[in-house]
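Asks: Following this message is one structure expressed as structure tokens.
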Amino acid sequence: MSSPLLNSTAPLPIRFVIVGGGISGLSAAYTLCKAGHEVRVLEKAPGLGYPSSGIRVPPNMSKILKKWVGKEELDKLAVLNVASPCIDINSGVCIGVTPWEPTVMAETGGEFLMMKHEDVHRLVYRLAISAGAEVNFGVSVANVSPGSPTPCVTLSSGETIDTDVVIGADGRSSIVRPVVCDFEDNEDPCPTGTTVYSGVVAAEQLKGDPKLEHFIKSDEWAIGFGTGMTICCFPVSAKSELAFALFLPDECADPSLSQSETPESWYNSVPTSSIQPEGLALYLRRLMLKAPTLCRSQWLQRDQAEEWVDESGRIVLLGEAAHPFPPGTTYATAAGLEDAVVLGTLFSHLSSTNQITTLLNAYQEIRETRCRILAHTDTSNASLMMLPPGPARDARDRILSAPKNEWDEDSATRKEFDGLAELFGYEAEDAAMQWWVDWGRYIHDRSPTRTVSASPSLSVEKLSLSSPEC
Ligand SMILES: Cc1cc2nc3c(=O)[nH]c(=O)nc-3n(C[C@H](O)[C@H](O)[C@H](O)COP(=O)(O)OP(=O)(O)OC[C@H]3O[C@@H](n4cnc5c(N)ncnc54)[C@H](O)[C@@H]3O)c2cc1C
1 MSSPLLNSTA PLPIRFVIVG GGISGLSAAY TLCKAGHEVR VLEKAPGLGY
51 PSSGIRVPPN MSKILKKWVG KEELDKLAVL NVASPCIDIN SGVCIGVTPW
101 EPTVMAETGG EFLMMKHEDV HRLVYRLAIS AGAEVNFGVS VANVSPGSPT
151 PCVTLSSGET IDTDVVIGAD GRSSIVRPVV CDFEDNEDPC PTGTTVYSGV
201 VAAEQLKGDP KLEHFIKSDE WAIGFGTGMT ICCFPVSAKS ELAFALFLPD
251 ECADPSLSQS ETPESWYNSV PTSSIQPEGL ALYLRRLMLK APTLCRSQWL
301 QRDQAEEWVD ESGRIVLLGE AAHPFPPGTT YATAAGLEDA VVLGTLFSHL
351 SSTNQITTLL NAYQEIRETR CRILAHTDTS NASLMMLPPG PARDARDRIL
401 SAPKNEWDED SATRKEFDGL AELFGYEAED AAMQWWVDWG RYIHDRSPTR
451 TVSASPSLSV EKLSLSSPEC
């Protein structure tokens, strides 16, 4: 595998410890290794290959993966998404179709793909290892503490690890987040009333069932709309499996099933027989029952962290630890990859330890608004799909059922796409490079303080910079 991502390595290599070897943590391990740094990833799971379902890979993410592994490699695993039929979950009737015309998607610089979570996880693992990262599985981090200046990681075994920077990439129930953020940011998350069940069904199991076979044969991300529930399904792993995510009211969960993990964890595996979704069309119920097991993840409302960098300026949050998303929605994984690209690009310029805090603050500034928009989009879309009968639902269905095959300048389809194009067209590496050109190259070796923001709106004096070069 080759990557033209970073052309330069940092004049000053430093040590990073990443807590969490999910897709975000491993992607950051890759970009930081490519930037010349020493990276160690600590992952509590014993290895790769945990049961998972599918993820949508919108163009803003697929263009990153394509740069990293090339189109040929990506095509072996991914399925191109050409449309989203919107189906009434009770009757099975199609309300309308949203096209993801590949030629139009190309305007955003990428393709809209569908992939299995595990395939992407393995891919970024291989990249991280090949770039030189050390990945330790079965290692649970118990605590992270700031130092003066270097932080320390304590493992559940009691062992401690000193490093230059700690990255908390440990997901929605992050243990690093409380170290970085104020108390208010860490109040118990509120239940939204929805639990997500995801799973995969092998393509052979769908043979002979024309309604279900259609899902694997089509190149579509099908979405079912219901009252208080929604389901989406799409082919993954070069169409060898069908992935689905079913959003149901919390009450459908079997309370007698114990869980060893937190309710929002991706490691809670439950039998398919443990849920009885009322009102789900029979063929969708058939689909669900074919999955060997389901992953149950409760959707708890968590806000984006206000601070991503701790007081000491050496501990930082990344991926869902910084900006949680509803489970099973579209942009969570894409946002983690974008974070990794921005962080790696910024740290490819590191030439003094005194720049570390400024670069970490810059990373937050580049990323926070973007991630807020992505999480808001996912949250609103999920809510829209589960609307009860009423005027809001009627309005939604009117929009969905309008014909969408006209792509001229003034058509409704084109206008809708233009809104999405901003999300899909984002170039993470450009965003970081822009910051570097505007501000970063003026940073000299003098130590920045915690209050120093990397915001372009601040004056050069506030950045405590001297003698700009240009
Ligand atoms: C096993 C698994 C399966 C998933 N399957 C799907 C799916 O099918 N569809 C979907 O849309 N999303 C899925 N997700 C979520 C998806 O990966 C994320 O939404 C997105 O990729 C952002 O990932 P992240 O790396 O920020 O967080 P996560 O994916 O949550 O990764 C966090 C990682 O940190 C590790 N970790 C947590 N605490 C510690 C600790 N104390 N010490 C060491 N390690 C720790 C976790 O084991 C995990 O590997 C899954 C996540 C996991 C972990």
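For the sequence shown, counting from 1, position 446 maps to 446 in UniProt numbering; every step adds exactly one. Built from N, CA and C at the ideal position, the CB exists for glycine as well.
(1) Go through the stretch 65-142 residue by residue and report every complete run of the beta strand (DSSP E) that reaches 3 residues or more, in order.
(2) Would you kindly work out how many angstroms separate the C-alpha atoms of residue 328 and residue 288, rounded to a whole number?
(3) Less than 7 Å between C-beta atoms, sequence neighbours within five positions excluded: which residues of the same chain meet that for residue 51?
(4) Among the candidates 432, 417, 415, whose CA atom is the shortest distance from the CA of residue 363?
(5) Taking one C-beta from the stretch 260-275 and one from the stretch 146-156 each time, how about it: are there three or more such pairs within less than 8 Å?
(6) How would you call residue 60, buried or exposed, if buried means at least 16 neighbouring beta carbons within 10 angstroms?
(7) Closest to residue 419 by CA distance: which of 439, 373, 398 is it?
(8) Got a sec, what are the start and stop residues for the alpha helix (DSSP H) residue 232 sits in?
(9) Which residue wins for smallest C-alpha separation from residue 15, given the options 353, 401, 422?
(10) Got a sec, what are the start and stop residues for the beta strand (DSSP E) residue 295 sits in?
(11) Give the range of the beta strand (DSSP E) segment to which residue 162 is assigned.
(12) Less than 8 Å between the CB atoms is what I'm expecting for residue 89 and residue 281, so what's the real figure, rounded?
(13) For residue 52, name the three-state secondary structure that DSSP assigns.
(14) Looking at residue 324: is its Cβ nearer than 7 Å to the Cβ of residue 172?
(15) Are the stretch 116-131 and the stretch 35-51 touching, with three or more C-beta to C-beta distances below 8 Å?
(16) How big is the Cα-Cα spacing for residue 207 and residue 213?
(17) Could you spell out the range, first to last residue, of the alpha helix (DSSP H) harbouring residue 371?
(18) Once the 5 residues before and after residue 13 are set aside, which same chain residues still bring their CB inside 7 Å of it?
(19) Classify residue 106 as buried or exposed, calling it buried when 16 or more other Cβ atoms lie within 10 Å of its own Cβ.
(20) May I ask you to report which of helix, strand or coil DSSP gives residue 190?
(21) Pairs of beta-carbons, one from the stretch 223-232 and one from the stretch 376-387, closer than 8 Å: are there three or more?
(22) In this structure, does DSSP put residue 249 in helix, strand or coil?
(23) Following the continuous beta strand (DSSP E) through residue 222, name the residue where it begins and the one where it ends.
(24) What did DSSP end up calling residue 30 once you bin it into helix, strand or coil?
(25) Using the rule of at least 16 other Cβ atoms within 10 Å of the residue's Cβ for burial, across every protein chain shown, is residue 301 buried or exposed?
(26) Mark residue 142 as exposed unless 16 or more other C-beta atoms lie within 10 angstroms of its C-beta, in which case mark it buried.
(27) Cβ atoms of residue 137 and residue 249: under 7 Å apart, would you say?
Replies: On the basis of the coordinates in this document:
(1) Runs of the beta strand (DSSP E) inside the stretch 65-142: 83-88, 94-99, 113-116, 134-137.
(2) Within the sequence shown, the letter at position 328 stands for residue 328. Within the sequence shown, the letter at position 288 stands for residue 288. Distance between the alpha carbons of residue 328 and residue 288 is about 15 Å.
(3) One-based indexing of the sequence shown puts residue 51 at position 51. Shown here for residue 51: same chain residues with a beta carbon closer than 7 Å to its own, the five before and five after excluded, namely 269, 293, 295 in chain order.
(4) Within the sequence shown, the letter at position 363 stands for residue 363. Comparing Cα-Cα distances from residue 363 to each of 432, 417, 415, the minimum goes to 432.
(5) At 8 Å Cβ cutoff, the stretches do not touch.
(6) The count along the sequence shown starts at 1 and reaches residue 60 at position 60. The C-beta of residue 60 has 16 or more other C-beta atoms within 10 Å across all chains shown, which makes the residue buried.
(7) Numbered from 1 along the sequence shown, position 419 holds the residue referred to as residue 419. Out of 439, 373, 398, the CA that lies nearest to the CA of residue 419 is found in 373.
(8) Here residue 232 is taken as the residue at index 232 of the sequence shown, counted from 1. Run containing residue 232: none in the alpha helix (DSSP H); it sits in the beta strand (DSSP E), 230-236.
(9) By one-based count along the sequence shown, residue 15 stands at place 15. Out of 353, 401, 422, the CA that lies nearest to the CA of residue 15 is found in 353.
(10) Locating residue 295 in the sequence shown gives position 295, counting from the first residue. Unbroken beta strand (DSSP E) run through residue 295: 294-301.
(11) As a first step, residue 162 is located in the sequence shown; it is residue number 162 there, counting from the start. Boundaries of the beta strand (DSSP E) around residue 162: 160-162.
(12) Numbered from its first residue, the sequence shown carries residue 89 at position 89. Numbered from its first residue, the sequence shown carries residue 281 at position 281. Yes, they are in contact, since the Cβ atoms of residue 89 and residue 281 sit about 6 Å apart, within 8 Å.
(13) If you number the sequence shown from 1, residue 52 lands on position 52. Coil.
(14) As a working note, residue 324 is residue 324 in the sequence shown. As a working note, residue 172 is residue 172 in the sequence shown. It is a contact, given that the beta carbons lie within the stated cut-off.
(15) Segments in contact, yes.
(16) Locating residue 207 in the sequence shown gives position 207, where the first residue counts as 1. Locating residue 213 in the sequence shown gives position 213, where the first residue counts as 1. Approximately 6 Å between the Cα atoms of the pair.
(17) Residue mapping note: residue 371 aligns to position 371 of the sequence shown, counting from 1. Looking at the DSSP string, the run of the alpha helix (DSSP H) that includes residue 371 is 356-385.
(18) The residue labelled residue 13 in the question sits at position 13 within the sequence shown. Closer than 7 Å at Cβ, skipping near neighbours: 36, 37, 38.
(19) Within the sequence shown, the letter at position 106 stands for residue 106. So residue 106 ends up on the exposed side.
(20) As a working mapping, residue 190 is identified with position 190 in the sequence shown. Strand at residue 190.
(21) A contact between stretches requires three or more CB pairs, one per stretch, nearer than 8 Å, and the stretch 223-232 meets this requirement with the stretch 376-387.
(22) In the sequence shown, residue 249 corresponds to position 249, counting from 1. Residue 249 falls in the strand class under three-state DSSP.
(23) Numbered from its first residue, the sequence shown carries residue 222 at position 222. Note, residue 222: beta strand (DSSP E), 222-225.
(24) Position 30 of the sequence shown holds residue 30. In the three-state DSSP reduction, residue 30 falls in the helix class (H, G or I).
(25) Residue 301 sits at position 301 when you count from the first residue of the sequence shown. Exposed, because fewer than 16 other Cβ atoms sit within 10 Å of the Cβ of residue 301.
(26) As a first step, residue 142 must be located in the sequence shown, where it is residue number 142. Classification of residue 142: exposed, given that the 10 Å Cβ count is below 16.
(27) Taking the sequence shown and counting its residues from 1, one reaches residue 249 at position 249. Taking the sequence shown and counting its residues from 1, one reaches residue 137 at position 137. No; because the gap between Cβ atoms is not below 7 Å, this pair is not in contact.
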